[in-house]
Structure formats: C-alpha cells, structure tokens
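If you read the protein sequences in the order shown, they are chains A and B.
With our numbering as the guide, the letters of the first sequence map in order to residues 1 to 115.
With our numbering as the guide, the letters of the second sequence map in order to residues 1001 to 1117.
Glycine is no exception: its CB is placed at the ideal position from the N, C-alpha and C atoms.
For reference, the structure is listed below as structure tokens.
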Amino acid sequence: DVKVTQSSRYLVKRTGEKVFLECVQDMDHENMFWYRQDPGLGLRLIYFSYDVKMKEKGDIPEGYSVSREKKERFSLILESASTNQTSMYLCASSLEEGWVTGELFFGEGSRLTVL
Amino acid sequence: AQKVTQAQTEISVVEKEDVTLDCVYETRDTTYYLFWYKQPPSGELVFLIRRNSFDEQNEISGRYSWNFQKSTSSFNFTITASQVVDSAVYFCALSEPSIQGAQKLVFGQGTRLTINP
C-alpha cells in the first residue's frame, strides 16, 4: 500500500521556536510538496522539490525553508515559528510523468499550533 | 497565473438528494489537467479524478459524475443519491507548470459538503 507519512499529527510550539515537519514517501516519487491548509483559503503551496537537493518556492514561502537530502524524505522547517503559522500542513508526493501532471498522494497532515 | 474558484463554501443536503459542486478555473495554458480530491474528517486527501484539457467527455463512476466544459472553464462534480459517507470537504485543482517544468497543483478554496440522514 503506497504511503506518505508525516512524522507528527499534532504539535504545539512556542513563538520563536525552530520547528521541523518531516515527511517520508515509499513510492519512489520524484516530486514532493508541502502545502498549508487554512479555512476559506484551501491549500496553498509553500515549497516543492522535483529532485534530491532541488527545490522551488511555491506561493507562500516566506518564513519557511525545506530540505531534501534523500529522495524519500522532504522536511519543512520553520526557522522561528510565529502565531500566524498555526495551521494544518500537508505533505504530498507525485510521480514525474513529463508533461503529464501526476496524481498527488497526500499524508494525513500535521496540525501545528504556535502559542 | 492559474486560479481555481469554488464559490460554494458549504452545502448541506438530505441523504439521497443529488448535489453538484461547482469549480471554475482560469488558465492561459492550452494543455492542463484538472483534479478533484475528497478530504474526509480523518484529514487525508483522497484522489477522485484527473482530466486533461483535450478530453471533454463527461465521466461517470458509480454515483459520481464530472462535467468538463472548456467553453465555460468549468469542471463540476455531481453526486447522485448522496449518502452520509459522502460528507467531506471537496477540492478542485488545476495543474500549473513550474519554472523547472515540474507539474504542481493549484487548489480551490474547497466546498464542505454535509449529508444529513
């Protein structure tokens, strides 16, 4: 059974803390994504990676960074968490199919609360 | 830039009613893909359908059907004879090529569908 696993379902952090959200996929997918989900705003892309050590900014990268040292793992980093980063974070992966847009497989999400 | 609009924030119907979820998109690309995802209360988004811009045939899968109309830039989703298990948030999404050529998705705001017994 194909799977995208996010390390934590729920996290509570303090303002200013450094936060790591980890995501692992077992499908050998080239592409990995981090989205943020907020009520009324849908899913917004933070960063994505199309290959190991390669990344590209999404629509809302400010305050975030990412790391992809291995093909199966994609980490989202909040260098100094702020209350406006309280949200649901969704990791996804997809197979690289050239000009065809591959289906995204999602993890269960990580709900982050910053106090 | 691509844009997806799901104007219906919330819909509530009684079980066995038919319900249509609207999706309108904007793109300048001639080749693109449209998707629908379901997010049940458990939280994990589940893929429902992918459609490419060259195929305007309507699709039916059991109680689910999709109507793709390029002339109105719409990709609407209909559930026939709705059931309580259909209660979820539904997202429409549109493909967008990145600078490097990788394909990513732009999502709509989502429609929360509640099916009442």
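Between which two residues does the beta strand (DSSP E) containing residue i stretch?
{"i": "D1022 (chain B)", "result": "Note, D1022 (chain B): premise wrong, no beta strand (DSSP E); not H, not E."}
{"i": "D116 (chain A)", "result": "The structure shown has nothing for residue 116 (chain A), since chain A only spans 1 to 115."}
{"i": "F1035 (chain B)", "result": "Y1033 to Q1039"}
{"i": "V1013 (chain B)", "result": "E1010 to V1014"}
{"i": "R111 (chain A)", "result": "S110 to V114"}
{"i": "M27 (chain A)", "result": "Here M27 (chain A) belongs to no beta strand (DSSP E), and DSSP marks it neither H nor E."}
{"i": "L78 (chain A)", "result": "R73 to L78"}
{"i": "F1047 (chain B)", "result": "V1046 to N1052"}
{"i": "E1059 (chain B)", "result": "E1059 to S1061"}
{"i": "K57 (chain A)", "result": "M54 to K57"}
{"i": "L68 (chain A)", "result": "In the sequence as presented, Leu is not what sits at residue 68 (chain A); that position holds Arg. Start and end: S65 to K70."}
{"i": "D1006 (chain B)", "result": "According to the sequence displayed, residue 1006 (chain B) carries Gln and not Asp. First-last for Q1006 (chain B): undefined, no H or E at that position."}
{"i": "S49 (chain A)", "result": "G42 to D51"}
{"i": "A92 (chain A)", "result": "S87 to S94"}
{"i": "K18 (chain A)", "result": "Counting along the chain, K18 (chain A) falls outside any beta strand (DSSP E), and DSSP gives it neither H nor E."}
{"i": "T5 (chain A)", "result": "V4 to Q6"}
Kindly list the residues whose CB is nearer than 6 Å to the CB of residue i, restricted to its own chain and excluding five residues on each side of it in sequence; keep chain order.
{"i": "N1116 (chain B)", "result": "V1014"}
{"i": "S1065 (chain B)", "result": "T1078"}
{"i": "K71 (chain A)", "result": "V52"}
{"i": "Q25 (chain A)", "result": "V4, E72 and S93"}
{"i": "S7 (chain A)", "result": "E22"}
{"i": "E1044 (chain B)", "result": "none"}
Consider the Cβ of residue i: report whether some Cβ of chain B lies at a distance smaller than 8 Å.
{"i": "G16 (chain A)", "result": "no"}
{"i": "Y64 (chain A)", "result": "no"}
{"i": "F74 (chain A)", "result": "no"}
{"i": "L11 (chain A)", "result": "no"}
{"i": "F20 (chain A)", "result": "no"}
{"i": "N31 (chain A)", "result": "yes"}
{"i": "T113 (chain A)", "result": "no"}
{"i": "L45 (chain A)", "result": "yes"}
{"i": "Y89 (chain A)", "result": "no"}
Does residue i get closer than 8 Å to chain A when you measure Cβ to Cβ?
{"i": "F1091 (chain B)", "result": "yes"}
{"i": "S1087 (chain B)", "result": "no"}
{"i": "L1021 (chain B)", "result": "no"}
{"i": "F1075 (chain B)", "result": "no"}
{"i": "K1016 (chain B)", "result": "no"}
{"i": "Q1109 (chain B)", "result": "yes"}
{"i": "A1102 (chain B)", "result": "yes"}
Compare the C-alpha of residue i against each of the options and name the closest.
{"i": "Q1006 (chain B)", "options": "B:A1093, B:P1097, B:G1062 and B:A1102", "result": "B:A1093"}
{"i": "G1062 (chain B)", "options": "B:F1068, B:S1053, B:A1081 and B:Y1025", "result": "B:A1081"}
{"i": "Q1002 (chain B)", "options": "A:D59, A:R68 and A:F74", "result": "A:D59"}
{"i": "R9 (chain A)", "options": "A:G102, A:C23, A:L41 and A:T83", "result": "A:C23"}
{"i": "Y50 (chain A)", "options": "A:P39, A:E69, A:G42 and A:L43", "result": "A:E69"}
{"i": "Q1039 (chain B)", "options": "B:V1089, B:Q1109 and B:T1031", "result": "B:V1089"}
{"i": "V1019 (chain B)", "options": "B:D1086, B:F1107, B:A1102 and B:Q1057", "result": "B:D1086"}
{"i": "F105 (chain A)", "options": "A:L76, A:C91, A:F48 and A:T15", "result": "A:C91"}
{"i": "E97 (chain A)", "options": "B:S1098, B:A1102 and B:E1096", "result": "B:A1102"}
{"i": "I1060 (chain B)", "options": "B:Q1109, B:S1098 and B:N1076", "result": "B:N1076"}
Using a Cβ-Cβ cut-off of 7 Å (strictly less than) and excluding sequence neighbours within five positions of residue i, which residues of its own chain qualify?
{"i": "R1050 (chain B)", "result": "Y1033 and F1035"}
{"i": "V1024 (chain B)", "result": "T1005, S1073 and S1074"}
{"i": "Q1008 (chain B)", "result": "L1021, D1022 and T1111"}
{"i": "A81 (chain A)", "result": "K13, T15, G16, E17, V19 and V114"}
With respect to 7 Å, is the separation between the Cβ of residue i and the closest non-hydrogen atom of the ligand NAP below this value?
{"i": "S1053 (chain B)", "result": "Looking at this structure, you won't find the ligand NAP or any other ligand, since it has none at all."}
Using a Cβ-Cβ cut-off of 8 Å (strictly less than) and excluding sequence neighbours within five positions of residue i, which residues of its own chain qualify?
{"i": "D1055 (chain B)", "result": "F1068"}
Minimum length 3: unbroken beta strand (DSSP E) runs contained in the stretch 1068-1113 of chain B: The qualifying runs are 1074-1079, 1088-1097 and 1103-1107.
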